[in-house]
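**Q** Quick one: this structure, given as structure tokens, is what I'll be asking you about.
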Amino acid sequence: MERSGLLTGKTGVIFGALNESSIAWAIAQSAYREGAQFALSNAPVAKRLGTLEGLAKQVNSPVIWADATKDQDLLALFHELKEHYGQIDFIVHAIGMGVNVRKRRPYENLNYDWYAKTLDISAISLHRIIKHAMHTEALRSGASILTLSYIGAQRSFSHYSEMGDAKALLESIVRTWGSRLGDQNIRINAISQSPTRTTAGQGISGFDAMFEFGDRMSPLGNADAASCGDYAVTLLSDLTRMVTMQTLYNDGGFSGMGIAHAMVEPMMQILDVKKQ
Ligand SMILES: NC(=O)c1ccc[n+]([C@@H]2O[C@H](COP(=O)([O-])OP(=O)(O)OC[C@H]3O[C@@H](n4cnc5c(N)ncnc54)[C@H](O)[C@@H]3O)[C@@H](O)[C@H]2O)c1
């Protein structure tokens, strides 16, 4: 992709890059290419599990370790960001984890402590991040906040389980905060992304089937993380300054489909339906 410089002069923070397959990693690379300067953040446990320091070197970013479910970590993060950049222009929230999903606990028999943790990490963390950003006056007028969702927020996907609830809450937080941020000229949107082979994505049982189904159903095929990075650039740029409170699909057209031709033959074979 050729550089357009859409984010030249903009500063921000990107949460959630764990390793090279992370969607936040691709967003960081696209934002860097377009001229943005930003800090990277992840939970302290990611020091051991991921390779964030490698990305930080590539994109010339400081790393601020913060657990996005902990108020004191986030408060410290925004103070540090302010020292580094003054007020910032964007926040990218690409954080998620389904604890019951990961531990293969079915939706019909959720462990409610884990469920609360899932909602806290995957949705309430967005609320918390914005709250601390506003209290520390970290965001400049014209700033853009972006989070990552999945169509399982709006429709039922059997194996997505508790994460469907988490994403529904996340998208609601986008609207509810959005209505309060407008008078400070701050906007917030969610990108609803295709199934993508990442650590969080592949933690979902049946992920391969969801991936394959999405790919066959979508006129353009599944959208990869790099395309999400490029789409994110537009939402962080001034070109989308009047867009807020939206869930926007980077999904190759999946959300507009009913049945795709590519699914008809295999379905007929599986269901042993005779051609008329
Ligand atoms: N992979 C997919 O198929 C897909 C599709 C649509 C949306 N998404 C969403 O994209 C976002 C990014 O996920 P990904 O797929 O790139 O996977 P990923 O595993 O690379 O990223 C998830 C990130 O969340 C971080 N995280 C977990 N708990 C945290 C905490 N307490 N504090 C701070 N950070 C924490 C992890 O360390 C990790 O970096 C998530 O919101 C995910 O639900 C993913």
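So the sequence shown is residues -14 to 261, counted in this note's numbering.
Glycine residues also receive a C-beta, built at the ideal position from the N, C-alpha and C atoms.
(1) Could you check how far apart the C-beta atoms of Leu133 and Ala79 are, in whole angstroms? I think they sit under 8 Å.
(2) Thr54 and Asp105 - do their beta-carbons sit closer together than 7 Å?
(3) Flag this pair as touching only if the region -9 to 8 and the region 17 to 25 have three or more C-beta atom pairs under 8 Å; answer yes or no.
(4) Which residues bound the alpha helix (DSSP H) around Ser157?
(5) Can you tell me whether DSSP reads Arg125 as helix, strand or coil?
(6) Assuming the contact rule is C-beta atoms closer than 8 Å, Met227 and Arg160 should be a hit. Round their C-beta distance to whole Å, please.
(7) Within 6 Å: the Cβ of Tyr135 and any heavy atom of ligand 1?
(8) Going by beta-carbon coordinates alone, are Phe75 and Gly(-3) separated by less than 7 Å?
(9) Going by C-alpha to C-alpha distance, which of Phe239, Leu(-9) and Met253 sits closest to Arg201?
(10) Would you check whether ligand 1 has a heavy atom nearer than 6 Å to the C-beta of Ala28?
(11) In angstroms with no decimal places, state the Cα-to-Cα distance between Asn94 and Glu147.
(12) So Gln57 is in the alpha helix (DSSP H); what residue range does that whole segment cover?
(13) Between which two residues does the beta strand (DSSP E) carrying Phe239 extend?
(14) According to DSSP, is Ala9 helix, strand or coil?
(15) What are the complete alpha helix (DSSP H) segments, minimum 4 residues, inside the region 196 to 231?
(16) Flag this pair as yes or no: are the beta carbons of Asp236 and Ser179 separated by less than 7 Å?
(17) Please say whether Gln72 and Arg113 have beta carbons closer to each other than 7 Å?
**A** Working from what's here:
(1) 5 Å
(2) yes
(3) yes
(4) Glu147 to Leu166
(5) strand
(6) 16 Å between Cβ atoms; not a contact.
(7) yes
(8) yes
(9) Phe239
(10) yes
(11) 11 Å
(12) Asp56 to Tyr70
(13) Per DSSP, Phe239 belongs to no beta strand (DSSP E) and is neither H nor E.
(14) helix
(15) 210 to 221
(16) yes
(17) no
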